[in-house]
Structure formats: structure tokens, C-alpha cells
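Notes follow the structure.
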Amino acid sequence: MENKKICSVILAAGLGKRMHSSLPKVLHRILGKPMICYTADCLSEISDIEKTVIVISRLTETVKDFIKKDSVEFAYQEKPLGTADALKSALSVIKDSYDLILVVTGDTPLIKSKTLENVVDFHLQNENALTVVTFNASVPGAYGRILRINNEISRIVELSDTSNEVKKITEVNSGFYVISASVLPLIENIRRNEKNGEFYLTDIVELSIKEGFKTEALKAADEKEFWGINSRQELLAAQRVLQKDIAEYLLNNGVTIMDPDSVFISPDVTIGKDTFIYPNVVLEGNTNIGSNCTIYPGTRLIDVVLEDDVVIKDSTLIEDSKILTGSAIGPFAHIRPGSTIGPKGKIGNFVEVKNSTIGYNSKASHLTYIGDSELGKDINVGAGTITCNYDGIKKHKTVIKDGVFVGSGTQLVAPVTINKNAVIAAGSTITKDVPEDALAVARAKQQHIDNWTLRKQPAKKE
């Protein structure tokens with residue numbers, strides 16, 4: 000990009016009234032990720048952009064909680080006075096001088112970094128002072144229309160100011176601009192719109208041409224990249240496009256997705272080759288899945304690491320945890336944050352694990368709760384075992400060492416340690432540490448009361 004100093008500006012102060020939501024428009028999620036994060040991530044992939052300024056309002060300042068990048072700064076548009084005023088707000092916090100300002104909108108989650116690089120290259124190669132990105136819209140709707148004279152852009156007309164004839168024009172303004180430093184002073188010359196009192200950045204086109212600056216419109220090839228999201232229907236349409244792109248990429252890289260239309264895969268998810276994904280699977284956040292895994296229907300993984308050869312069975316929820324090589328989880332299991340299972344671990348049906356480590360070849364196959372615990376290798380945890388980790392004030396740790404067998408229906412009252420190769424008799428309530436190789440029995444002695452049933456029978460009527 001010819002070693003030019005570039006600053007990007009994201010316009011994100013709008014509330015998005017058509018969303019009918021108290022949430023700022025740009026924070027509505029697509030595949031689990033706020034749409035402004037797509038735009039911010041796209042810009043961060045362009046190495047020539049030194050700084051990004053995001054324009055927000057006091058009503059949308061929660062955006063700051065979702066963008067944590069050193070190269071990003073925020074500017075406030077104190078009043079909703081239009082896109083030109085928003086850009087002025089951004090310029091007020093830019094202390095260094097830049098050769099170019101790349102202006103984008105925060106509600107275009109499908110934009111790609113390569114496209115923006117091409118836009119900047121076009122601007123530089125043609126020695127433009129101002130470049131406007133346009134596209135032919137299949138449904139022009141509320142987009143500003145592009146007017147041309149002798150095939151050159153002459154101005155942009157907002158929908159509210161157009162005639163019926165102009166509304167027929169399908170070439171529309173994307174809201175993306177490359178503005179050279181020489182043109183920026185013209186922003187001060189933009190006048191309020193007579194109808195709503197706003198300052199439109201679109202007016203800079205006509206001003207730039209009048210001042211003799213070279214001004215061009217670059218027509219984009221793919222309109223979907225520049226879709227502005229203003230309603231929940233449009234949000235859903237964009238999500239379908241992105242999900243299809245993600246599925247196509249995975250299919251082309253060795254992943255089998257049985258029904259791409261029914262899965263939900265966030266853009267930051269990675270999946271290794273020869274992994275098989277059944278229908279109705281949800282993969283969110285920074286989930287990383289290895290090779291040769293199988294994920295059955297009804298599974299939801301959030302910020303999870305699956306190593307190779309892992310099987311996740313039906314209706315399983317795993318959050319912020321690691322499942323190591325060769326392990327099997329589910330069906331109907333819940334692995335809560337902070338847990339590590341395996342290698343070759345097994346967590347079966349109706350088992351909940353929370354903030355625990357379960358080692359090599361250890362198993363909890365049925366109806367069990369393991370919380371705040373550390374389990375070694377080759378352990379068998381019987382059905383109905385409960386680690387009692389909470390005393391009403393704070394949590395305590397259970398430690399189960401290698402080779403332990405825990406019988407069914409056991410309660411382990413933490414803090415407690417079960418040492419190597421110990422056996423816990425079924426039905427025990429363990430409150431003290433168990434020595435290595437010992438059998439622990441902690442239950443009431445079995446008693447028989449003779450003729451109990453006969454005593455409980457109702458008396459016969461005479």
C-alpha cells in the first residue's frame with residue numbers, strides 16, 4: 000500500500016431502531032459473535048492500518064466491553080447528527096497525521112479484509128483523493144443512490160431526497176470511503192440536511208468534485224459483503240451466508256458435516272480433518288476440535304478444546320474445558336468450566352463435572368457429580384457418586400489417586416483424599432482420608448426386623 004499511513008474509522012453510534020431492542024445494533028450477534036467484532040477483526044488483519052477509531056454514542060458505549068485491541072480507540076458522538084458529524088468526532092481523537100482515512104460501518108459483518116485491501120489499493124493506484132465503494136443492490140431499499148454523469152460519479156442522493164426516477168437506480172452507496180488527508184477539511188463545509196438536521200457524509204462527494212479533487216466510485220463485485228444489517232431478518236440472512244461459507248470451508252478441508260443447514264458453527268471455531276459432525280450441533284466461541292472426532296446430535300461446545308479421536312455423544316454440553324485424546328463424553332453429560340478429561344477418559348450419561356481434572360483411563364459412567372476434584376488415572380467412579388464440595392460457605396477439594404474404585408451410591412465429603420488403589424464400598428459416606436490399598440466402609444450395619452411386612456398389613460375385617 001505504498002507505505003501510506005492509514006487510520007480506519009468504524010461508524011457505530013447508531014441505535015438500530017428497527018431491531019426493536021435495548022441492545023445497540025452493532026452488538027447483535029451473528030453465530031454467537033457481535034457483528035461489530037467481525038468488522039474490527041477484519042480491519043486488524045490489514046497490517047498497514049495503524050489505528051482504528053470506533054465512533055460510539057453514550058447510548059452505545061457498551062461496545063467498548065467487546066473490543067479489546069491495543070490499536071483501537073473510541074470516540075463519542077455526543078448527539079446523533081449524522082455520518083459526517085460522526086467522522087468529525089473520530090477525527091477529534093486522532094492525534095497523529097495520516098495519509099488516508101478508511102471509513103467503514105459497524106453493521107457490515109460480511110466484509111472481508113482482502114476486499115478492503117483492494118479498495119485501498121484502487122484508491123492509491125488511481126491517485127484518488129476520494130474513493131466511494133458502491134454496489135448493485137438486488138433490493139436497493141433505503142441505500143443512497145449513486146448518480147453518474149458520463150459514467151463518473153457526480154453525487155450520492157439519500158433515499159429521503161430522491162425522486163421516483165432516482166429510486167429506480169440500483170447502484171447504491173455502501174457507506175465505505177477512502178479519504179485522503181487533503182479532502183478531510185471539506186467535512187467542515189457539509190451543511191445540515193433541511194429535513195432532519197443531520198450532516199451527511201455522502202455530501203462530501205459533490206464537494207470533493209467541485210474542489211477539483213479526483214473522486215471515483217469503485218463498484219464492488221459481491222453485494223453481500225456490504226450488506227448493512229438493520230433488522231433481525233437481515234441479521235438472520237447474514238448469518239445464513241456466513242454459516243454457509245464456514246461449512247463450505249470445512250467441507251473443503253476434510254471435515255464431514257452431515258447436515259450443514261442444521262449446525263451452528265462460530266467463525267473462530269477450528270476443526271481437524273476426518274472429524275464427523277452430526278445434525279443439530281452447536282460449536283461456539285474459540286472451540287478447537289482435533290482430527291478424527293465424532294460429535295453426535297444435540298451437542299453444544301463453548302470455548303472447548305477437543306484433542307484427536309474424541310467422541311461427544313448425544314445431548315452433551317461442554318463449557319471452557321479440555322477433552323484429551325481418545326476420550327468419550329455423554330450422552331446427556333455436562334462438563335462445566337475449568338475441567339480436563341483424559342486422555343482416554345469416559346464421562347457417561349447424566350454425569351456432571353465442574354472445575355475438575357480426571358486423568359488417563361478414568362471413568363464416571365453414570366449419574367454422578369464431580370466438582371472441584373482431582374482424579375488420577377485408572378479410576379472407576381460408580382453410579383450415583385457425589386463429591387460434596389460445598390459446606391455452605393466455601394468450596395473444598397476432593398482428591399482421588401490412581402487406581403481407586405469408588406462403589407455406587409457413595410458420598411465423598413470434601414476436603415478428603417482417597418489414596419492409591421483404595422476401594423470405597425457402595426453406599427458409603429466418606430468424611431476422612433482413606434489410606435492406600437484400604438477398603439473403606441462407612442454405612443450403617445444392615446439389620447433385619449422379622450415379620451415387618453405382616454405387621455404393616457391392615458387388620459382383617461370380621
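For the sequence shown, position 417 matches number 416 in numbering that gives the first Met the number 0, and the numbering has no gaps at all. Yeah, the Cβ is synthetic: ideal placement off N, Cα and C, and Gly gets one too. Fair warning: this is a prediction, and the values are worked out from it, not measured in the lab.
In the DSSP annotation of this structure, Ile-245 is not part of any beta strand (DSSP E); the continuous alpha helix (DSSP H) holding it starts and ends at 231 to 250.
Shown here, Tyr-37 sits in a helix according to DSSP, grouped into three states. In the three-state scheme derived from DSSP, where H, G and I count as helix and E and B as strand, Arg-190 is classed as coil.
For Glu-157, the three-state secondary structure derived from DSSP is coil. Boundaries of the beta strand (DSSP E) around Gln-410: 410 to 412. Taking Ala-439 as the centre and dropping the five residues before and after it, the same chain places the C-beta of Ile-417, Ala-421, Val-422, Ile-423, Ala-424, Ser-427, Ile-429 and Val-433 closer than 8 Å to its C-beta, in chain order. With respect to the 9 Å criterion, Thr-339 and Ser-364 are not classified as neighbours on the basis of their beta carbons. If you compare the alpha carbons of Ala-237, Thr-293 and Gln-242 with that of Val-310, the shortest gap goes to Thr-293.
Taking a cut-off of 8 Å on C-beta distances, the segment 56 to 68 touches the segment 5 to 15, as three or more cross pairs fall below it. Close CB contacts of Gly-253 within its chain, under the 7 Å cut and outside five residues either way in sequence, are with Lys-272 and Asp-273 (chain order). DSSP, reduced to helix, strand and coil, places Val-204 within a helical segment of the structure shown.
Inclusion of Lys-218 and Asn-135 in the CB contact set at 9 Å is warranted, their separation being smaller than that value. Spatial neighbours of His-333 in its own chain (CB-CB distance under 7 Å, excluding positions within 5 residues in sequence) are listed in chain order as Leu-316 and Glu-351. Annotation: the continuous beta strand (DSSP E) that includes His-365 extends over 362 to 370. Per DSSP, reduced to three states, the secondary structure at Thr-298 is coil, with no helix or strand assignment.
Here the alpha carbon of Gly-289 sits roughly 5 Å from the alpha carbon of Glu-306.
Between Ile-100 and Tyr-176, the C-beta gap is smaller than 9 Å, which places the two residues in contact. Around the beta carbon of Met-257, fewer than 16 other beta carbons lie within 10 angstroms, which makes this residue exposed.
Its chain contains Gly-381, Ala-382, Gly-383 and Ala-425 as the residues whose beta carbon lies nearer than 6 Å to that of Ser-407, once the 5 sequence neighbours on both sides are disregarded; these appear in chain order. For Pro-342, same chain residues with a beta-carbon under 6 Å away, outside a window of 5 residues either side, are Leu-323, Thr-324, Gly-325 and Tyr-359 in chain order. Using a C-beta cut-off of 8 Å, the segment 152 to 162 makes no contact with the segment 40 to 49, since fewer than three inter-stretch Cβ pairs fall below that distance. Counting only residues of its own chain and dropping the five nearest sequence neighbours on each side, Ala-237 has a CB closer than 7 Å to the CB of Ile-29, Pro-108, Leu-109, Trp-226 and Ile-228. Per DSSP, Asn-2 has no beta-bridge partner at all.
Sequence-distant Cβ neighbours of Lys-213 in its own chain, meaning closer than 6 Å and more than five residues away, are Asn-127 and Ala-128.
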